[in-house]
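Scroll down for the structure; my scribbles are underneath it.
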Amino acid sequence: MVVGGGPAGLMAAERARQAGVEVDLFEAKGSVGRKFLIAGKGGLNLTHSEPRPAFDARYRERQAEVAAWLDDFGPDALREWAAGLGVDTYVGSSGRVFPLDRKAAPLLRGWVRRLRDQGVRFHVQHRWTGWSADGSLRFDTPAGTVDVRASAVVLALGGGSWPQLGSDGAWVPVLRDTGVDVAGLRPSNCGFDVEWSPHFRERHAGAPLKPVVAHLPPHTGAEGLQGECVVSDYGIEGSLVYALSASLRDAIDREGGVRLELDLVPGRSLERLARDLARPRGKRSIGEHLRRHAGLDAVRVGLLHELPGPLRLDDPRAVARLLKRYPLDLLRPRPLQEVISSAGGVRLEALHADTLMLRSRPGVFAAGEMLDWDAPTGGYLLTAAFASGARAGLGGVRWLAASAGRRQAG
Numbered sequence: 001m002v003v004g005g006g007p008a009g010l011m012a013a014e015r016a017r018q019a020g021v022e023v024d025l026f027e028a029k030g031s032v033g034r035k036f037l038i039a040g041k042g043g044l045n046l047t048h049s050e051p052r053p054a055f056d057a058r059y060r061e062r063q064a065e066v067a068a069w070l071d072d073f074g075p076d077a078l079r080e081w082a083a084g085l086g087v088d089t090y091v092g093s094s095g096r097v098f099p100l101d102r103k104a105a106p107l108l109r110g111w112v113r114r115l116r117d118q119g120v121r122f123h124v125q126h127r128w129t130g131w132s133a134d135g136s137l138r139f140d141t142p143a144g145t146v147d148v149r150a151s152a153v154v155l156a157l158g159g160g161s162w163p164q165l166g167s168d169g170a171w172v173p174v175l176r177d178t179g180v181d182v183a184g185l186r187p188s189n190c191g192f193d194v195e196w197s198p199h200f201r202e203r204h205a206g207a208p209l210k211p212v213v214a215h216l217p218p219h220t221g222a223e224g225l226q227g228e229c230v231v232s233d234y235g236i237e238g239s240l241v242y243a244l245s246a247s248l249r250d251a252i253d254r255e256g257g258v259r260l261e262l263d264l265v266p267g268r269s270l271e272r273l274a275r276d277l278a279r280p281r282g283k284r285s286i287g288e289h290l291r292r293h294a295g296l297d298a299v300r301v302g303l304l305h306e307l308p309g310p311l312r313l314d315d316p317r318a319v320a321r322l323l324k325r326y327p328l329d330l331l332r333p334r335p336l337q338e339v340i341s342s343a344g345g346v347r348l349e350a351l352h353a354d355t356l357m358l359r360s361r362p363g364v365f366a367a368g369e370m371l372d373w374d375a376p377t378g379g380y381l382l383t384a385a386f387a388s389g390a391r392a393g394l395g396g397v398r399w400l401a402a403s404a405g406r407r408q409a410g
């Protein structure tokens with residue numbers, strides 16, 4: 001039995017069925033793969049071409065554990081698997097891997113069709129609520145409560161982001177109540193709140209900042225990173241911020257806030273910028289002078305006006321330093337239900353590493369985003385979800401084989 005119809009659950013079902021095991025898959029929503037489809041709305045970023053072990057390092061403190069999953073089913077295997085469904089992929093300019101048509105729906109439809117043809121039985125609108133007294137899994141359905149027994153179970157219930165698509169984290173107290181060690185769910189790949197002035201928010205919300213280089217405080221251990229971000233109504237978001245979100249979130253958890261420093265003019269050195277700003281301003285406004293001689297657009301000029309005190313150009317080197325290390329104070333990450341993914345979940349120490357079976361509940365396995373690992377966007381999230389599903393599905397097969405052996409021996 002597989003509970004959860006995202007990539008991890010579907011992959012667990014596929015691996016088990018390929019091994020000849022009867023599989024029933026239960027999904028809380030009316031169809032499977034809803035978050036997968038949303039993830040592919042702007043172009044399905046299936047995986048990444050970054051070579052290993054650099055690829056593995058994206059999983060931070062969990063890189064050793066996730067690397068073991070990827071040894072069995074890594075980014076190359078994922079591309080081959082997609083090709084087996086008739087979905088060829090290509091590597092984009094950023095190294096990200098996409099289907100040729102960039103769409104998620106054809107891949108998902110083909111996958112579900114193949115699973116049905118292979119004999120996987122789908123049960124939608126079945127929300128798992130825990131175990132009954134006799135060990136059966138209990139589901140809420142439109143027809144009422146249903147209890148179902150299974151010899152092996154893979155839980156692939158997602159994290160806590162996108163609750164409208166089924167990843168609502170409702171499973172956390174259920175597992176904790178049975179003694180499973182679960183880390184609290186936290187935002188990841190998210191934007192952050194900044195205390196903009198009403199004037200700046202009204203004029204610049206939605207404006208891109210590209211390119212910029214972000215520098216985190218030295219104690220975070222993160223290096224400067226160039227990319228793009230977007231000023232939002234609440235603060236700042238975008239791919240550059242998402243890539244740094246785990247370090248930023250952890251710093252806020254420790255200290256209550258964090259200062260992100262942005263190089264707003266990465267194409268010019270401090271010395272050149274100071275020389276450019278020292279040119280005579282004449283009758284031009286400060287904003288016009290900054291646009292003409294420092295190449296600043298309106299949102300970058302606006303950022304300078306967000307700093308305390310009046311903006312003055314009589315010390316061009318001081319202004320240049322601000323542009324090269326603009327101080328941006330981040331208050332908090334966005335709420336969990338708004339973010340792309342979540343960190344936290346079932347701690348990997350609570351699982352047998354080789355099968356992803358819960359130590360406290362024999363015959364029950366876990367996979368996907370409900371496990372305690374984290375990764376940036378760029379294909380890393382999906383790759384680990386697929387890989388953990390493959391490991392848990394085969395873990396269930398091994399458990400069933402061992403159980404049959406024990407029965408025969410008895």
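Mapping the sequence shown onto UniProt numbering, position 382 (from 1) lands on 382, and the numbers just tick up by one.
Every residue, glycine too, gets a C-beta built ideally from N, C-alpha and C.
Residue state for M370 is assigned as helix, using DSSP reduced to three classes. Note on geometry: alpha-carbon atoms of E338 and L240 lie some 17 Å from one another. DSSP, read as helix, strand or coil, puts D24 in strand.
For L185, the enclosing beta strand (DSSP E) begins and ends at V182 to S188.
In the DSSP assignment, T141 falls within the unbroken beta strand (DSSP E) covering L137 to T141. Approximately 28 Å separates the beta-carbon atoms of A343 and R138; this is outside 8 Å, ruling out the contact. Relative to the Cα of S197, the nearest Cα in the group G166, E228, G235 and A214 belongs to G235. In the DSSP assignment, K210 falls within the unbroken beta strand (DSSP E) covering P208 to H215.
Here DSSP, grouped into helix, strand and coil, assigns H199 to helix. For W131, the enclosing beta strand (DSSP E) covers residues R127 to W131.
Contact check between the stretch 374 to 391 and the stretch 45 to 58: three or more CB pairs, one atom from each, fall below 8 Å, which counts as touching.
Within the model, the alpha-carbon separation for E237 versus P7 is close to 26 Å. P75 is positioned such that its CB atom lies no closer than 8 Å to that of T89.
By the neighbour-count definition (other C-beta atoms within 10 Å, threshold 16), K324 is a buried residue.
Boundaries of the beta strand (DSSP E) around S342: S341 to V346.
Between F26 and M1, the C-beta spacing is below 8 Å. Taking the Cα of W128 as reference, the smallest distance to any Cα among L85, L175, C229 and G110 is reached at L175. Within the stretch 66 to 111, the runs of beta strand (DSSP E) that reach at least 3 residues and sit entirely inside it are, in chain order, 89 to 91 and 96 to 99. At least 8 Å separates the beta-carbon of R281 from that of G191. Only residues of its own chain outside the window of five on either side were considered, and among them L46, D88, T89, P99 and L107 have a CB closer than 8 Å to the CB of A82, listed in chain order. Distance from the CA atom of A409 to the CA atom of S403, rounded to whole angstroms, is 10 Å. Per the C-alpha coordinates, the member of E61, A375 and L322 positioned closest to S269 is L322. Using a Cβ-Cβ distance cut-off of 8 Å, the stretch 387 to 407 and the stretch 250 to 264 are not in contact, since fewer than three pairs of beta carbons, one from each stretch, lie closer than that value. Where L260 is concerned, the enclosing beta strand (DSSP E) starts and stops at V258 to D263.
Beyond the five residues adjoining it in sequence on each side, G287 comes within less than 7 Å, by CB distance, of V301 in the same chain, given in chain order. Per DSSP, T383 is not a residue of any beta strand (DSSP E); the alpha helix (DSSP H) it occupies stretches across Y380 to A409. Taking the Cα positions, Y59 is about 33 Å away from H123.
Proximity to R391 across V180, V3, E228 and A13 peaks at A13, based on C-alpha coordinates.
Proximity to V213 across S232, R109, L244 and V194 peaks at L244, based on C-alpha coordinates.
In the DSSP assignment, L330 falls within the unbroken beta strand (DSSP E) covering Y326 to L330. In this structure T145 is exposed. Its beta-carbon is surrounded by fewer than 16 other beta-carbon atoms within 10 angstroms.
In terms of CA proximity to V23, M11 leads the group L44, G30 and M11. With a cut-off of 8 Å on Cβ pairs, the stretch 359 to 373 is in contact with the stretch 155 to 162, counting three or more such pairs. The beta carbon of H215 sits closer than 8 Å to the beta carbons of G224, L260, E261, L262, D263 and R325 from its chain, once the five residues preceding and following it are set aside; these are given in chain order. Considering only P218, R279 and F73, the residue with the shortest C-alpha distance to V258 is P218. Shown here, M1 sits in coil according to DSSP, grouped into three states, outside any helix or strand.
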